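Undergrad: Letter by letter, the sequence shown follows residues 11 to 230 of the numbering used here.
Below you will find the structure I want to go over with you.
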Amino acid sequence: MSAAPVIAIDGPSAAGKGTVAEEVARTLGFHYLDSGALYRLVALAAAREGIDAGDEAKLAAIAARLPARFEGEDIYLEAERVTDAIRSEENSFAASRVAALPAVRRALLDRQRSFRNPPGLVAEGRDMASIVFPDAALKVFLTASPEARAERRYKQLKEKGIAATLAALLQDLRERDARDAARSVAPLKQSPGARLLDTTAMSAAQAANLVVDWYRGANR
Ligand code: C5P
């Protein structure tokens with residue numbers, strides 16, 4: 011029996027991976043995995059339980075029993091809807107620290123793979139192509155210039171009525187990129203066999219169409 015096909019989409023934060031991956035999943039009728047949400051959930055659960063961001067054993071234990079549910083667009087931690095809480099700047103920072111711990115990454119592996127079900131899965135993150143789904147049918151490294159990504163994040167926050175400055179967002183993104191790229195486990199990088207998709211001058215819809223075309227082209 012062959013496993014359901016996976017489209018792996020990796021890349022830095024705020025490049026539009028989420029929007030593109032969701033659109034590709036919708037077009038193909040595939041399941042969708044937002045792996046970053048799992049790291050964000052671990053960080054939030056740890057903060058709620060007062061666990062230090064450097065306590066690897068305790069954080070891995072949280073990751074292994076993470077009481078989280080994905081329901082359509084919504085994400086729950088136990089009974090609490092945390093869809094927005096996991097995306098705060100503070101929790102984003104905590105998530106990237108938690109994600110640098112090997113025991114946490116190991117504890118989340120099976121859970122990520124359990125999303126692979128027929129007819130297929132679109133999985134987005136940092137190590138989908140390299141570690142979690144190395145046999146993915148299509149691997150995409152989706153990126154955009156730091157300025158374009160900061161601009162997109164700025165617009166998103168403004169729409170939600172959250173105060174932010176472009177300069178501070180750009181600085182945050184650069185720091186997070188550096189941390190994600192420099193860590194020893196699953197560093198952020200284009201993996202061999204991944205196609206580069208630079209969306210700096212592209213809409214999310216155009217990027218999603220391109221990914222669908224690549225997938226269909228490869229499976230013709
Ligand atoms: O993609 P997103 O920004 O939601 O991810 C939150 C954090 O989780 C990132 O800073 C990144 O360090 C981490 N992450 C990861 N591996 C993944 C997905 C996310 O290390 N597959």
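Cβ atoms here follow ideal geometry from the backbone N, Cα and C, with glycine treated the same way.
None of the values given here were measured: they were computed from a predicted structure.
1. Below 9 Å between beta carbons: does that hold for Val-142 and Ser-45?
2. Would you kindly report the start and end of the unbroken alpha helix (DSSP H) that includes Val-30?
3. Helix, strand or coil, according to DSSP, for Val-16 in the structure here?
4. Can you tell me whether Ala-215 is buried or exposed? The criterion is at least 16 other CB atoms within 10 Å of its CB, across all chains shown.
5. Please indicate yes or no: does the CB of Ser-194 lie closer than 8 Å to some heavy atom of the ligand C5P?
6. Where DSSP assigns a beta bridge to Phe-5, which residues make up the other side?
7. May I ask whether a heavy atom of the ligand C5P can be found less than 8 Å away from the beta carbon of Ala-184?
8. Do Arg-126 and the ligand C5P come close, with the Cβ less than 8 Å from some heavy atom?
9. Based on the DSSP secondary-structure assignment, which residues constitute the bridge partners of Arg-79?
10. For the ligand C5P, is there any heavy atom lying closer than 8 Å to the beta carbon of Arg-79?
11. Grouping DSSP H, G and I as helix and E and B as strand, with all else coil, what is Leu-131?
12. Between Glu-83 and the ligand C5P, is there a pair consisting of the residue's CB and a ligand heavy atom that are separated by less than 8 Å?
13. With DSSP run on the structure shown, which of helix, strand or coil describes Asp-62?
14. Taking 9 Å as the CB-CB limit, is Leu-206 close to chain C?
15. Compare the C-alpha of Leu-160 against each of Gly-171, Ala-67, Gln-181, Ile-172 and name the closest.
16. Taking the beta carbon of Lys-149 as the centre, do at least 16 other beta carbons fall within 10 Å, making it buried, or is it exposed?
TA: Working from what's here:
1. Result yes, Cβ atoms of Val-142 and Ser-45 sit closer than 9 Å.
2. 27-38
3. Three-state DSSP puts Val-16 in a strand.
4. exposed
5. no
6. Beyond the ends of the chain as shown, which are 11 and 230, falls residue 5; an answer cannot be given.
7. In the sequence as presented, Ala is not what sits at residue 184; that position holds Arg. No, the beta carbon of Arg-184 sits no closer than 8 Å to any heavy atom of the ligand C5P.
8. A distance criterion of 8 Å places the beta-carbon of Arg-126 beyond contact range of the ligand C5P, judged by its closest non-hydrogen atom.
9. Tyr-86
10. Arg-79 Cβ: outside cutoff for every heavy atom of the ligand C5P.
11. strand
12. no
13. coil
14. The structure shown contains no chain C, having only a single protein chain.
15. The residue you asked about is not Leu; residue 160 is Ala in the sequence shown. Among Gly-171, Ala-67, Gln-181, Ile-172, the Cα nearest to that of Ala-160 belongs to Gln-181.
16. buried
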